[in-house]
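If you count by the numbering used here, then the sequence shown holds residues 113 to 262, one letter each, in order.
Some notes on the structure that comes next.
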Amino acid sequence: MQLGGNSINHRITQKNITVVSAPEPPPHQHNTPQSGSYCIFGTNLDYLCLFKPILKMATEKREKLEAQIKSADMSEDMQQEAIEVATEAMDKYHIEKDIAQYIKKEFDLRKGATWHCIVGRNFGSFVTHETKHFIYFYVGHCAILLFKTQ
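So this is what it looks like as structure tokens:
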């Protein structure tokens with residue numbers, strides 16, 4: 113396997129997947145920082161192409177995620193901190209339970225115990241929280257409920 117714009121012919125025999133002819137990147141992308149790790153993706157398992165370095169894909173993904181606060185009983189600074197921690201969690205993890213665990217533990221460390229976090233796309237809730245310690249928001253299509261109890 114050769115990287116750096118050269119064609120790629122690599123057979124993964126265990127899964128019977130062939131990667132053929134990775135396209136030469138456009139000239140304006142030659143100065144793009146390279147991470148050394150590449151992501152192979154596609155919908156046809158007979159012909160997959162190497163498109164972008166993982167670092168570039170992560171940057172593009174982060175730019176697409178927009179935070180939207182739906183309900184909050186929390187200071188503006190703490191709301192911003194919740195969004196930042198949630199974005200960090202979503203950059204590190206892709207499983208909702210892991211994202212929730214990261215946010216909860218980070219807020220326990222930063223703001224003292226006991227925080228609770230629910231992350232997902234479809235859930236209902238009815239909670240009791242400390243005053244000024246509740247936020248419900250979206251990052252991209254993912255809903256996040258974060259609140260503190262005694």
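From the three backbone atoms N, C-alpha and C, an ideal C-beta is built for every residue, glycine too.
Around the CB of Phe249, 16 or more other CB atoms lie within 10 Å, so the residue is classed as buried. Shown here, Ile230 sits in a strand according to DSSP, grouped into three states. A check of alpha carbon separations from Glu218 across Cys254, Met190, Gln262 identifies Met190 as the nearest. Going by DSSP, Gln262 is part of no alpha helix (DSSP H) at all; its letter is neither H nor E. Going by C-alpha positions, Glu178 is about 5 Å away from Gly252. A straight line joining the alpha-carbon of Leu258 with that of Met186 spans about 10 Å.
Look at Lys182 here: in three-state DSSP terms it is strand.
In this structure, Ile247 lies away from Ser237, with their beta-carbon atoms at least 8 Å apart.
Burial check for Lys223: the Cβ neighbour count within 10 Å stays below 16, so the residue is exposed.
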